[in-house]
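These notes concern the structure reproduced below.
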Amino acid sequence: MNTTSTTAPAPGFADPTRGAQRVFRAILDALAHPGRSYRIAVPTQAPEALGPGLTAVALTLLDEDVSVWLHRTPAENSDVTSYLAFHTGARMANEHGPANFVLATPDTLPALDALALGTDDAPHQSATVVLDARTPGTGARFTATGPGIDGRVEIEAPWAPEGFLAAWTRNGALFPRGVDLLVVSDDSIVALPRTTRLRAVSDQGQEA
């Protein structure tokens with residue numbers, strides 16, 4: 001149950017404009033170079049249920065014009081909801097389907113095709129998934145190809161949930177519709193835009 005917080009929200013970036021600009025640049029770089037990890041600037045204080053990396057991304061991408069769906073742990077934490085309301089003004093979505101941003105862990109990630117996928121005329125109206133990489137998934141490895149990748153790149157994906165590869169393949173087939181993925185740790189970000197194609201890598205280093 002979400003209890004009422006009696007304390008003031010923790011501060012955001014020490015320099016809100018510069019901090020958000022640095023994180024936004026890292027996000028753009030990550031989207032331009034899928035699979036490559038980029039360090040992000042983080043606030044000195046952050047709600048524990050979010051951690052510094054997710055908090056930095058939320059402070060950068062969320063505002064009063066968007067809605068965000070949170071998985072249960074942060075959604076039921078009043079420190080998180082009051083922090084996001086105070087610093088971003090974003091609307092908390094009760095359902096993941098219409099949300100502009102979906103914040104999940106590997107074990108709470110909704111089916112990608114159940115999220116906002118945009119339309120052929122307005123693909124930008126799709127959801128962006130922000131995945132908490134602090135929680136492990138299956139420990140998969142992929143090779144990635146597509147725009148922004150020179151040939152192919154191998155991605156260590158300890159965050160990948162069960163069935164992720166099949167779901168991501170279906171997501172890519174919807175292009176220009178489909179969701180984009182930001183994988184966030186405590187101080188870094190990796191992006192997989194919908195144009196990125198993945199193949200599994202076996203324990204012997206061979207593509208499956």
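Mapping to the UniProt record's numbering: the sequence shown position 147 is 147, numbers consecutive.
Glycine included, every Cβ here is placed at the ideal spot set by N, Cα and C.
Taking Cβ positions, are A144 and G35 nearer each other than 7 Å?
A contact, by the Cβ cut-off of 7 Å.
Hey, A104 and L115 are a contact pair by Cβ (cut 8 Å); roughly how many whole angstroms apart?
At roughly 10 Å, the Cβ-Cβ gap does not stay under 8 Å, so A104 and L115 are not in contact.
Grouping DSSP H, G and I as helix and E and B as strand, with all else coil, what is W69?
Three-state result, W69: strand.
Between the C-alpha atoms of L84 and V57, what's the straight-line distance to the nearest angstrom?
Approximately 11 Å, taken between the alpha carbons.
From P147 to L31, what distance separates their C-alpha atoms?
Spanning the two alpha carbons is a distance of roughly 10 Å.
Could you compute how far the alpha carbon of A140 sits from the alpha carbon of A166?
Spanning the two alpha carbons is a distance of roughly 13 Å.
Taking a contact to mean a Cβ-Cβ separation below 7 Å, would you say E162 touches T138 in this structure?
Yes, Cβ-Cβ distance for E162 and T138 is below 7 Å.
Taking all protein chains shown into account, do 16 or more other C-beta atoms lie within 10 angstroms of the C-beta of T60, making it buried, or fewer, making it exposed?
Burial call: buried.
Less than 7 Å between the beta carbons of G19 and A41, yes or no?
It is a contact, given that the beta carbons lie within the stated cut-off.
Give the straight-line distance between the Cα atoms of T88 and G172, rounded to the nearest whole angstrom.
For T88 and G172, the distance between alpha carbons rounds to 30 Å.
Cutting at 6 Å between CB atoms, please list the residues of its own chain near A46, excluding the five before and the five after it.
Cβ neighbours of A46 beyond the five flanking positions: P52, T55.
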